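Just so we're aligned, residue 4 is where the sequence shown starts under our numbering, counting upward by one. First comes the structure, then the notes that go with it.
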Amino acid sequence: MDGLLVDSEPIHAAAYVTAFGEVGLPLHPEQYRQQVTLGGGSIRELYAQAGGMPEEWPAIFARKQELFARYLAERGVPLPGAITLLAALAARGTPCVLATGAGRSSAEVVLRHLNLQRFFCLVLAGEDVRRAKPDPEVFHKAARALAVRPGECVCLEDSPKGVAAAAAAGIPCIAVPTAWTKTGDLSRAALVAASLEQVTPQLLEELATAHCAKQGV
């Protein structure tokens, strides 16, 4: 979701930078990009490194969520091709699961703001799994919910940790990186697209068919 449907990773970073700064804790957007977006680390680790007190985290996070909703409303727009692709898949009756590492509250803010709830039969958020990406748990759970084998699905991801999770799950993946993620390792993706404008339902079907044939499914 973040970085695929909307370029929201910089917005998350800006919200955290402001929330940290309001209580005198240092944080730079590049720290967030390297450790959280690319590295798969936790913002809580950055909070601890900055000298944050554990008991104050709930208030910091609540403030960040407030700021994120405001910033998203100001500058959050769907990435090129996102609505067109989702609408085309819906018209074909193709079920789509949103499998995001974001917390449910963040996911719901984005989905409401962009009016995307209608395109997904299920939303799996960070609270729904024990292990975050690059662990494949969320994709295994999505496949089970659809009652299909993982290899019969196709995943769209923007980040190295998402691509790695899809590969570990045995799901062919198209990487659609943003400026924040394009320098990461996307080598395990089946394809790399410049934007969702290059992705069509036909391409997804062809990729799934080819993967199943290769796996003997």
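C-beta atoms are modelled at their ideal positions from N, C-alpha and C, and glycine is treated no differently. Since the model is a prediction, treat every value here as computed from it, not as a measurement.
Residue i - DSSP class collapsed to helix/strand/coil
i      : result
ILE86  : helix
ILE14  : helix
ALA91  : helix
VAL112 : helix
ALA145 : helix
LEU49  : helix
Residue i: first and last residue of the uninterrupted alpha helix (DSSP H) it sits in
i      : result
GLU130 : Taken as a continuous stretch (DSSP letters only), GLU130 belongs to no alpha helix (DSSP H), as it is neither H nor E.
ALA178 : Premise fails: ALA178 lies in the beta strand (DSSP E), 176-178, not in any alpha helix (DSSP H).
CYS215 : 204-218
LEU70  : 60-78
Beta-carbon separation (whole angstroms), residue i vs residue j, contact threshold 8 Å
i      : j      : result
ILE63  : VAL112 : Their Cβ separation, rounded to whole angstroms, is 17 Å, which puts ILE63 and VAL112 out of contact at 8 Å.
PHE142 : ALA168 : 6 Å
ALA128 : ALA110 : 5 Å
GLY6   : TRP183 : 7 Å
LEU189 : PRO180 : 6 Å
Other residues of its chain near residue i: CB distance less than 7 Å, five sequence neighbours each side excluded
i      : result
GLN120 : LEU114
SER108 : GLN68
ALA148 : VAL100, LEU125
Cβ-based burial, residue i [other Cβ within 10 Å; buried from 16]
i      : result
VAL20  : buried
GLY187 : buried
PRO175 : buried
GLU12  : buried
HIS31  : exposed
VAL39  : buried
VAL80  : exposed
SER45  : exposed
Contact set for residue i: own chain, Cβ-Cβ below 8 Å, skip 5 residues either direction
i      : result
PHE122 : LEU89, ALA90, LEU92, ALA93, CYS99
ARG95  : PRO204
LYS1   : Only positions 4 to 220 of the chain appear in this structure, which leaves residue 1 out of reach.
Close beta carbons around residue i, own chain, < 6 Å, minus the five adjacent residues each side
i      : result
LEU75  : ILE14, HIS116
GLU84  : Just to set this straight, residue 84 is Gly in the shown sequence, not Glu. If we look at GLY84 and ignore the five residues flanking it on each side, its Cβ neighbours are SER198, LEU199, GLU200.
PRO139 : ALA168, ALA171, ALA172
beta-carbon residue i near the ligand ATP non-hydrogen atom, thresh 7 Å
i     : result
PHE71 : Among the components modelled here there is no ligand, and therefore nothing to report on the ligand ATP.
Enclosing beta strand (DSSP E) for residue i [first to last residue]
i      : result
VAL100 : 100-102
ASP119 : Note on identity: in this sequence residue 119 is Leu, with Asp being the wrong assignment. It is not in any beta strand (DSSP E) - LEU119 carries neither H nor E in the DSSP assignment.
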